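Enquirer: Next up is a structure, given as structure tokens.
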Amino acid sequence: MRISQLFGKRLREIPADADTESHRLLLRAGMICQLSAGIYSYMPLALRTLRKIENIVREEMNRTGAQEVLMPSLQPLELWQKSGRETAMGQTLFRLQDRKERDLVLGPTHEEVVTDMAGRNVQSYRDLPFTLYQIQTKMRDEPRPRGGLIRVREFTMKDAYSFHASEADLDSTYKQIVQAYRNIYRRCGLPAIMIEADSGAIGGKDSQEFMAITDIGEDEIIICDSCGAGANVEKACSIKLKAPCNPVQDMEEIATFEHKTIEQLTAFLKISSSQTLKAVFYHADETMVFAVIRGDLDVNEVKLKKLLRAADLRLASDKEVKHAGIIAGTASPVGLRGIKIIADESVLSGTNFVAGANKDGFHLKNVNYPRDFTADVVADIAKAKAGDNCTVCNGILRTIRGMEVGHVFKLGVSISDKLGANFVDEGGTPHPIIMGCYGIGIGRLMAAIIELNHDNKGIIWPMSVAPYQINLCPLYSDNAEVVKRADSLYQELINLGYEVLYDDRAESPGVKFNDADLLGIPLRITISPRSLEKGCMEVKLRSNPQADMIALDDVIAKIKASLTHTCI
RNA sequence: CGGGGCGUAGCGCAGUUUGGUUUAGCGCGCAGCGUUCGGGACGCUGAGGCCGGUGGUUCAAAUCCACUCGCCCCGACCA
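The numbers in the working numbering rise by one with no breaks, and the one at position 431 of the first sequence is 418.
This is the structure in structure tokens:
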């Protein structure tokens, strides 16, 4: 491709609305064009990279034995009502009606459609197992699109679904797909780690996410450097610091005046926050929930929501708190009646806590579980944090941020059961098909690759996903010898099957070099009168500041070697 | 949905507080000609705007008021 013919302008100035590096670079390189919030066109360079990523994904999926299909974006709302996920998806679902006023949705994902299709084509355990996948457009009315391609409303996703007669069989396919995912990230030049994840509203057993580690990532990850275990903070468990344990003493009321928050209370009483109990009130599906946790910890709302099996969980309003007879600032589980109490395990890991007295200006000293109060449920509802200990190896945990570039989980029968997708076993008994599902956002993967592969000049594409392999860069377009050499090398490289971006413009060297760095094509070949006088061309890797002067006769061999060497 | 910011030429911005000196400007980019050229060259000439939209106030609105649409960021949310 000649740059003079290439559609899409490179920008010198940084677009004002772009805050993340991948967004800025995608815009500056002329790769994407925004149509609306979270809705983008992919221009020729971007599409080439997307296609390469798709092909890597396709190869690795095919290698697991998965079969490619293509399912519709237009889906009857009815299917979503049947699966029960219409409400779970809420406003994220794009809805529309056809001319007969039948309700449709634009598919945000395809569990429903694929399960329906599987159900129609499976009768017996003999028809199982199989895995289907597609590379297709998803539409989600995200509340807040952001960061260019990082969170968008219309995007391409590879989504795969596996169908099994047994859990053991699901486990084995799951492992294969995880390996395929690792291969995909490696081949795309994107370091990604696998962590434990919450399976979300969809339910299911195991769930893992693949994360590209970057500060602009939307997820917080708790990670252990000693054993390598990692988990999304939504899911992470940890061993908390011990609170002082002393002989149990009698409970007594103490005046604490205006000291209401944990900070004020600990300063006033000169104790550590781990010697206090904190109360947090939630509104879970129309009922009030009172959560009790040690004062030095925070409630993990995802864990709590899951524990309560609540569709909706939010902090209770001041009004609701008051209505429940709770005095905020000195709320207490002691003597509380008529409200569901959930206690974090940490209430067991200390003694003689200071808790509220549910009486303005007073707190209770020496509160002990279960002597002084009991909970309906005692469970782990605490947020893991940096400095806690790893539950696997007791190492010290730390926090990093990550960008989700893949998600796999064991769905089980949650969808197939509702949609009546059954098989009969050897004995002729029907069972819902056991499922797994596996997703990779292709566009987001491209954005992640840029986030992790760039410098202050521009993108540094890994060879495997670069829009072109070679940037042919002749300087001084009025020099006949340069042009002749460049034209013939361009033709020769194309004949050899290489993908070449030929900078045939009459621009100054500075402009060409800067554009080359911005576009990030892995190999740059510079042809100039100066190098030709020495009987050479200049060969340079984008990832390497040094260029090599290569004798004309050796240039092709050098290019071949460089490409083989940098191909992943 | 809560909080903040922004809509003026393809891009980046000034002008808006205090309405009139603006025929609405600057830089980049764009077109033509010439001189240049190893890390975003220079000169000359030129094109390009219903100042997001609608309605008001006024002799007069990019500028004041009301409504509205759109975009970005933080939070909530996120199979």
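Ideal placement from N, C-alpha and C gives every residue a C-beta, glycine not left out.
If you're wondering where the values come from, they're calculated on a predicted model, not measured in any experiment.
Could you check which residue in 311, 378 and 317 has the C-alpha nearest to that of residue 327?
Expert: Numbered from 1 along the first sequence, position 340 holds the residue referred to as residue 327. Nearest C-alpha to residue 327: 311.
Enquirer: What residue range does the beta strand (DSSP E) around residue 19 cover?
Expert: Sequence index remark: in the first sequence, residue 19 carries index 32 (1-based). It spans 19 to 23 - the beta strand (DSSP E) in which residue 19 sits, taken as one unbroken run.
Enquirer: Rounded to whole angstroms, what is the Cα-Cα separation between residue 177 and residue 486?
Expert: Here residue 177 refers to the residue found at position 190 when the first sequence is read from its first residue. Here residue 486 refers to the residue found at position 499 when the first sequence is read from its first residue. Cα-Cα distance, rounded: 22 Å.
Enquirer: Compute the beta-carbon to beta-carbon distance between residue 44 and residue 122, rounded to the nearest angstrom, for a pair I have assumed lies under 8 Å.
Expert: Counting from one through the first sequence, the residue named residue 44 turns up at place 57. Counting from one through the first sequence, the residue named residue 122 turns up at place 135. So it is a contact: roughly 7 Å between Cβ atoms.
Enquirer: Skipping 5 residues on each side, what residues in its chain have a beta carbon closer than 7 Å to that of residue 338?
Expert: The residue given as residue 338 occupies position 351 in the first sequence. If we look at residue 338 and ignore the five residues flanking it on each side, its Cβ neighbours are 232, 233, 235 and 355.
Enquirer: What beta strand (DSSP E) runs, 3 residues minimum, are completely inside the segment 440 to 508?
Expert: 457 to 461 and 487 to 489
Enquirer: So what does DSSP say about residue 549, is it helix, strand or coil?
Expert: Indexing the first sequence from 1 puts residue 549 at position 562. DSSP places residue 549 in the helix class (H, G or I) of the three-state scheme.
Enquirer: Alpha carbons only, please: which of 98, 73 and 101 is nearest the one belonging to residue 90?
Expert: In the first sequence, counting from the first residue as 1, residue 90 sits at position 103. The option with the nearest alpha carbon to residue 90 is 73.
Enquirer: Can at least three beta-carbon pairs, one atom from the segment 156 to 172 and one from the segment 422 to 430, be found at a separation below 8 Å?
Expert: yes
Enquirer: Where does the unbroken alpha helix (DSSP H) through residue 404 begin, and where does it stop?
Expert: For the purposes of this step, residue 404 is identified with residue 417 of the first sequence, where counting begins at 1. Its alpha helix (DSSP H) spans residues 401 to 406.
Enquirer: Please report the distance separating the alpha-carbon of residue 169 from that of residue 435.
Expert: Counting from one through the first sequence, the residue named residue 169 turns up at place 182. Counting from one through the first sequence, the residue named residue 435 turns up at place 448. If I take the Cα positions, the gap works out to 15 Å.
Enquirer: Evaluate residue 408 with the Cβ neighbour count: other Cβ atoms within 10 Å of its Cβ, from every protein chain shown; 16 or more gives buried, anything less gives exposed.
Expert: On the first sequence, residue 408 is found 421 positions in, with the first residue counted as 1. It is buried - the Cβ of residue 408 has at least 16 other Cβ atoms within 10 Å.
Enquirer: Take residue 307 and list the residues in its own chain whose beta-carbon comes closer than 8 Å to its own, dropping the five residues that flank it on each side.
Expert: Here residue 307 is taken as the residue at index 320 of the first sequence, counted from 1. So the qualifying residues of the chain are 268, 270 and 275.
Enquirer: Can you tell me which of 226, 405, 262 and 279 puts its alpha carbon nearest to the alpha carbon of residue 374?
Expert: Here residue 374 corresponds to residue number 387 of the first sequence, with the count starting at 1. It is 226.
Enquirer: Locate the alpha helix (DSSP H) running through residue 104, then write down its first and last residues.
Expert: Locating residue 104 in the first sequence gives position 117, where the first residue counts as 1. Element bounds for residue 104: 98 to 108.
Enquirer: Could you spell out where the beta strand (DSSP E) holding residue 344 opens and where it closes?
Expert: As a working mapping, residue 344 is identified with position 357 in the first sequence. Unbroken beta strand (DSSP E) run through residue 344: 340 to 346.
Enquirer: Per DSSP, what kind of secondary structure is residue 156 in: helix, strand or coil?
Expert: Position 169 of the first sequence, counted from the start, is the residue given in the question as residue 156. Helix, per DSSP.
Enquirer: When the distance is taken between beta carbons, is residue 392 closer than 9 Å to residue 195?
Expert: One-based indexing of the first sequence puts residue 195 at position 208. One-based indexing of the first sequence puts residue 392 at position 405. No, they are not a contact pair.
Enquirer: Does the contact criterion of 3 or more C-beta pairs under 8 Å hold for the segment 278 to 296 versus the segment 319 to 336?
Expert: yes
Enquirer: What residue range does the alpha helix (DSSP H) around residue 308 cover?
Expert: Taking the first residue of the first sequence as 1, we reach residue 308 at position 321. Taken as a continuous stretch (DSSP letters only), the alpha helix (DSSP H) holding residue 308 covers 305 to 310.
Enquirer: Are residue 8 and residue 441 close, meaning C-beta to C-beta below 9 Å?
Expert: On the first sequence, position 21 is the one that residue 8 refers to. On the first sequence, position 454 is the one that residue 441 refers to. Yes; because the gap between Cβ atoms is below 9 Å, this pair is in contact.
Enquirer: When you compare only the Cα positions, how much space is there between residue 539 and residue 490?
Expert: Position 552 of the first sequence holds residue 539. Position 503 of the first sequence holds residue 490. Computed Cα separation, rounded: 19 Å.
Enquirer: Could you check where the alpha helix (DSSP H) with residue 75 kicks off and where it finishes?
Expert: Residue numbering aside, residue 75 sits at position 88 when the first sequence is read from its first letter. Residue 75 -> alpha helix (DSSP H) spans 72 to 76.
Enquirer: Have a look at the DSSP bridge pairing and note the partners of residue 206.
Expert: Along the first sequence, one-based indexing puts residue 206 at 219. Within the DSSP bridge table, the entry for residue 206 names 389 as partners.
Enquirer: Of the residues 150, 98, 137 and 144, which one's Cα is nearest the Cα of residue 113?
Expert: Taking the first residue of the first sequence as position 1, residue 113 is located at position 126. Minimum Cα distance to residue 113 is reached at 150.
Enquirer: Any chance you could list the beta strand (DSSP E) runs of at least 3 consecutive residues sitting entirely within the segment 261 to 340, in chain order?
Expert: 264 to 271, 274 to 281, 300 to 302 and 327 to 331
Enquirer: Measuring alpha carbon to alpha carbon, tell me which of 522, 296 and 300 ends up nearest residue 288.
Expert: Numbered from its first residue, the first sequence carries residue 288 at position 301. With distances taken between Cα atoms, residue 288 lies closest to 300.
Enquirer: Do you know how far the Cα of residue 430 is from the Cα of residue 29?
Expert: The sequence position of residue 29 within the first sequence is 42, counting from 1. The sequence position of residue 430 within the first sequence is 443, counting from 1. Answer to the nearest angstrom: the Cα atoms are 9 Å apart.
Enquirer: Relative to the C-alpha of residue 522, which candidate in 528, 513 and 530 has its C-alpha closest?
Expert: As a first step, residue 522 is located in the first sequence; it is residue number 535 there, counting from the start. Of the candidates 528, 513 and 530, the one whose C-alpha sits nearest the C-alpha of residue 522 is 513.
Enquirer: Drop a sphere of 10 angstroms on the beta-carbon of residue 555, count the other beta-carbons inside from all chains shown, and report buried for 16 or more, exposed for fewer.
Expert: For the purposes of this step, residue 555 is taken as residue 568 along the first sequence, with counting starting at 1. Its pLDDT being 49, under 50, residue 555 is placed unreliably in this model, and the value from its coordinates should be taken loosely. Exposed is the call here.
Enquirer: Measure the alpha-carbon distance for residue -7 versus residue 179 and round it to whole angstroms.
Expert: Locating residue -7 in the first sequence gives position 6, where the first residue counts as 1. Locating residue 179 in the first sequence gives position 192, where the first residue counts as 1. Residue 179 has its alpha-carbon roughly 32 Å from the corresponding atom of residue -7.
Enquirer: Identify the continuous alpha helix (DSSP H) that holds residue 12 and give its terminal residues.
Expert: Locating residue 12 in the first sequence gives position 25, where the first residue counts as 1. Segment 8 to 15, the alpha helix (DSSP H) holding residue 12.
Enquirer: Quick one: what's residue 92 bridged to in DSSP?
Expert: Here residue 92 refers to the residue found at position 105 of the first sequence. 62 and 82.
Enquirer: Taking the alpha carbon of residue 297 as the reference point, which residue from 277, 537 and 273 has its own alpha carbon closest?
Expert: Mapped onto the first sequence, residue 297 falls at position 310. That would be 273, whose Cα lies nearest to the Cα of residue 297.
Enquirer: Just tell me which of 517, 515, 304 and 504 has its CA closest to the CA of residue 532.
Expert: Sequence index remark: in the first sequence, residue 532 carries index 545 (1-based). Per the Cα distances, 504.
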